[in-house]
Amino acid sequence: MGGTMDGTRQRRRGDTRQRIQDVALELFAEQGYEKTSLREIAERLDVTKAALYYHFKTKEEILVSIFDDLTKPIEELIEWGRQQPHTLDTKQEIVRRYAETLSGAAPLFRFMHDNQATVRELRIGDSFKERIRGLRDIIIDPDADMVDQVRCVSAIFTLHAGMFLLQDLEGDPEDKNKAVLEVATDLVTQAHRGAQGQGSQRVRP
22 MGGTMDGTRQ RRRGDTRQRI QDVALELFAE QGYEKTSLRE IAERLDVTKA
72 ALYYHFKTKE EILVSIFDDL TKPIEELIEW GRQQPHTLDT KQEIVRRYAE
122 TLSGAAPLFR FMHDNQATVR ELRIGDSFKE RIRGLRDIII DPDADMVDQV
172 RCVSAIFTLH AGMFLLQDLE GDPEDKNKAV LEVATDLVTQ AHRGAQGQGS
222 QRVRP
């Protein structure tokens, strides 16, 4: 072990929960959620099952905690958005921050995509949909017409599509993320101009 370990042990202890989450998600992705046992998660982490048990009693608990941790930034974003004026800047900022949050949560979204039955069973999907509705409500102008409402919802879905559908596209991931963000931003920008009605003439260069 050596002396260096002791210095980092304090810090690591706080990270144990997160390491369990990361490793569990890796294993779920590799061999499927159903086939993964707590024992295997402990083995890969190189901790005893009792040490794992101290943090989580079941793999359901691990999954729900991963979900809660990764979606907390979405809730914070919604809270922030609710307090902002309905300006174009605000909406573009929401799209940018949401894109960031999604890229941080990529492994979880891939899991949700591949294990839809489990997600349904644990009702994770429901709380996620609620958060997406919250996000939608802060991007859409109250008096926006249907086309502009659809544009706003499409901006959110564009970011989601960037996670899944574009995985198979050729090209640099960095470029893909930029392109996805640009399209999503364009959509909320168009919607915003639409909602401004006659004002849209003013915004054009």
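Terminal number for the sequence shown in the numbering used here: 226, no gaps in between.
Beta carbons: idealized from backbone N, C-alpha and C, even for Gly.
Simplified DSSP state of residue i, which is helix, strand or coil
i, result
"R144", "coil"
"V44", "helix"
"D110", "helix"
"M22", "Note that M22 scores 48 on pLDDT, short of 50, meaning its location in the model is unreliable; the coordinates nonetheless yield the value given after this. Coil at M22, not helix or strand."
"Q211", "helix"
"Q52", "helix"
"T206", "helix"
"T57", "coil"
"A71", "helix"
"G218", "coil"
"T63", "In the sequence under discussion, the amino acid at residue 63 is Ala, which differs from the Thr named in the question. Reduced to three states, the DSSP call for A63 is helix."
"K78", "coil"
Counted within 10 angstroms of its Cβ, other Cβ atoms place residue i as buried (16 or more) or exposed
i, result
"A72", "exposed"
"H213", "buried"
"Q39", "exposed"
"T69", "exposed"
"D169", "buried"
"R144", "exposed"
"K80", "buried"
"G192", "exposed"
"Q42", "buried"
"G53", "exposed"
"T108", "exposed"
Min CB distance residue i to chain C below 8 angstroms
i, result
"T122", "Within the model displayed, chain C is absent; a lone protein chain is all it includes."
Segments of 4+ residues assigned as alpha helix (DSSP H) that fall wholly inside the region 134-203: Taken in chain order, the unbroken stretches of alpha helix (DSSP H) that lie wholly in the region 134-203 and span 4 residues or more are 137-142, 145-160, 167-185.
Within the chosen definition, does the region 90-97 reach the region 113-130 through at least 3 CB pairs nearer than 8 angstroms? Under the three-pair Cβ rule at 8 angstroms, the region 90-97 counts as touching the region 113-130.
Should the region 201-219 be called in touch with the region 107-117, which here means at least 3 C-beta pairs below 8 angstroms? yes
Tell me, please, whether the region 102-116 touches the region 153-160 by the rule of three or more beta-carbon pairs shorter than 8 angstroms. yes
Could you give the uninterrupted runs of the alpha helix (DSSP H) lying entirely in the region 83-129, keeping only those of 4 residues or more? 109-125, all fully within the region 83-129.
Are the region 174-188 and the region 136-143 touching by the rule of at least three beta carbon pairs closer than 8 angstroms? no
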